[in-house]
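**Q** Numbering (numbering that gives the first Met the number 0), first residue to last: 0 to 275.
Below is one structure. I have some questions about it.
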Amino acid sequence: MEKPDGNHGFTHAEISYGAFCISQEEARQGKHSGRDAHWFAAIERLARKRTKGAGPKTCYMCDSPPTSVEHVPPKCFFPEKKDLPDGVDYRQNLFTVPSCDVHNTEKSKHDTYVLALVAAYFANNQQAKDHYGTKILRALKKSTGFAHCVLTGSEKVTFGGEETKALKVDTPRFLQELQHMAKALYFQHFGTRCPHPVQVHTPMLHDENKQPREDIKALFKMVRPVIDDAQAYGDNSAIFHYRLAALPGTAMTLIKMTFYQGAEVLAICSPGLMEE
Ligand SMILES: [Zn+2]
Numbered sequence: 000m001e002k003p004d005g006n007h008g009f010t011h012a013e014i015s016y017g018a019f020c021i022s023q024e025e026a027r028q029g030k031h032s033g034r035d036a037h038w039f040a041a042i043e044r045l046a047r048k049r050t051k052g053a054g055p056k057t058c059y060m061c062d063s064p065p066t067s068v069e070h071v072p073p074k075c076f077f078p079e080k081k082d083l084p085d086g087v088d089y090r091q092n093l094f095t096v097p098s099c100d101v102h103n104t105e106k107s108k109h110d111t112y113v114l115a116l117v118a119a120y121f122a123n124n125q126q127a128k129d130h131y132g133t134k135i136l137r138a139l140k141k142s143t144g145f146a147h148c149v150l151t152g153s154e155k156v157t158f159g160g161e162e163t164k165a166l167k168v169d170t171p172r173f174l175q176e177l178q179h180m181a182k183a184l185y186f187q188h189f190g191t192r193c194p195h196p197v198q199v200h201t202p203m204l205h206d207e208n209k210q211p212r213e214d215i216k217a218l219f220k221m222v223r224p225v226i227d228d229a230q231a232y233g234d235n236s237a238i239f240h241y242r243l244a245a246l247p248g249t250a251m252t253l254i255k256m257t258f259y260q261g262a263e264v265l266a267i268c269s270p271g272l273m274e275e
């Protein structure tokens with residue numbers, strides 16, 4: 000694990016990446032104030048972002064002024080205290096980003112759909128199962144439209160010797176929402192929008208034979224040594240945490256999101272990528 004750099008508590012990787020972003024922003028404006036200036040500006044930006052109320056002046060997705068605050072991941076991912084037998088409050092210090100009306104409304108339409116898929120992942124912890132049995136079940140019962148949307152096309156499958164259910168996923172919609180989530184995390188982490196395209200990959204999505212995809216397994220195996228040693232962020236790690244690593248010598252950033260200690264999503268932010 001990387002030690003925090005100096006007494007401000009930010010890691011060398013965080014500052015180095017922030018400095019890189021600032022140098023890129025300056026380059027676009029035809030400026031170059033120098034490495035040291037970039038470094039100090041990056042520390043300042045991280046510190047500013049940490050101070051409540053002094054955040055960025057735009058929406059996390061566009062240049063519009065923010066009109067609301069959006070939780071990332073959405074608040075509905077975090078079980079309410081009353082719904083869990085352990086009585087723990089998992090809604091402590093959630094991550095938020097400023098958002099304009101358009102992007103907030105657009106996203107909240109998909110929140111419960113994505114939650115219903117993510118929380119259903121077989122490798123999740125007990126908290127996910129309890130969350131499913133309470134809040135998500137209530138939502139499914141309340142709206143036949145929603146239940147239809149989540150459950151239509153689901154099939155019984157045998158996986159790892161056990162019989163379970165495979166949900167039919169609207170893959171483009173699911174991946175797009177996960178990609179927005181990664182962009183929001185990037186924004187709340189660095190205080191600036193990701194300057195590069197973002198691709199997301201997850202072992203939650205299986206192939207047409209309902210089996211794990213070999214290419215995704217290989218990708219996760221490849222990045223684990225880098226990303227699993229990086230610092231974890233998130234005060235409710237039983238529900239959600241993320242790790243972030245900048246690949247030295249490249250402009251690539253990896254963000255790994257982990258839900259309910261089981262469902263993993265890898266976001267790759269890099270120049271030259273195609274967004275789905
Ligand atoms: Zn916006």
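C-beta: ideal position from N, C-alpha, C; glycine also.
Give the straight-line distance between the Cα atoms of T252 and F94, rounded to the nearest whole angstrom.
**A** Computed Cα separation, rounded: 19 Å.
**Q** Can you tell me which residues form a DSSP beta bridge with Q198?
**A** In DSSP, Q198 forms a bridge with I267.
**Q** Find the nearest neighbour of S15 within the set G248, K255, I267, judged by alpha-carbon distance.
**A** Ranking the options by Cα distance to S15, first place goes to G248.
**Q** Around the C-beta of V149, are 16 or more other C-beta atoms found within 10 angstroms, so that it is buried, or is it exposed?
**A** So V149 ends up on the buried side.
**Q** Express the C-alpha separation of C61 and A36 in angstroms, rounding to a whole number.
**A** Straight-line Cα distance between these residues: approximately 27 Å.
**Q** Look at the Cβ atom of L184, then the Cβ atom of Y241, and state whether they are nearer than 8 Å.
**A** Taking 8 Å as the Cβ cut-off, L184 and Y241 qualify as a contacting pair.
**Q** For the 8 Å Cβ check, are there 3 or more pairs between the segment 169–187 and the segment 105–114?
**A** The segment 169–187 vs the segment 105–114: in contact.
**Q** Ligand 1 and S98: does any heavy atom of the ligand fall closer than 7 Å to the residue's C-beta?
**A** Flag set: Cβ of S98 near ligand 1.
**Q** By how many angstroms is the C-alpha of T104 removed from the C-alpha of I42?
**A** Looking at the two C-alpha atoms, the distance is approximately 33 Å.
**Q** In this structure, how does DSSP classify L177 when only helix, strand and coil are distinguished?
**A** Here L177 sits in helix by DSSP.
**Q** Could you check the C-alpha separation between I254 and M221 for me, to the nearest Å?
**A** Taking the straight line from one Cα to the other gives about 14 Å.
**Q** What number of angstroms, rounded off, separates the C-alpha of K2 from the C-alpha of A46?
**A** Unreliable placement is indicated for K2, whose pLDDT of 47 sits below 50; the coordinate value is still reported in the next sentence. Roughly 17 Å between the two C-alpha positions.
**Q** Could you say which of Q28, D206, V225, R34 lies nearest to F19 if we only look at CA atoms?
**A** Ranking the options by Cα distance to F19, first place goes to R34.
**Q** Quick check: does the Cβ of M251 come within less than 7 Å of any heavy atom belonging to ligand 1?
**A** For ligand 1, not one heavy atom lies less than 7 Å from the Cβ of M251.
**Q** Quick check on this structure: which residue in V87, K106, I135 has the alpha carbon closest to the alpha carbon of V71?
**A** Per the Cα distances, K106.
**Q** Does the separation of the CB atoms of L116 and V168 fall below 8 Å?
**A** Contact: yes.
**Q** Short of 7 Å in beta carbon distance, which residues of its chain neighbour L83, apart from the five on each side in sequence? Order them along the chain.
**A** Hits under 7 Å: Q126, D129.
**Q** With distance defined between alpha-carbon atoms, name the residue in L114, P194, H188, P64 nearest to E25.
**A** Comparing Cα positions, the closest option is P194.
**Q** Given that a residue counts as buried once 16 or more other Cβ atoms are within 10 Å of its Cβ, and exposed if not, what is R27?
**A** Exposed is the call here.
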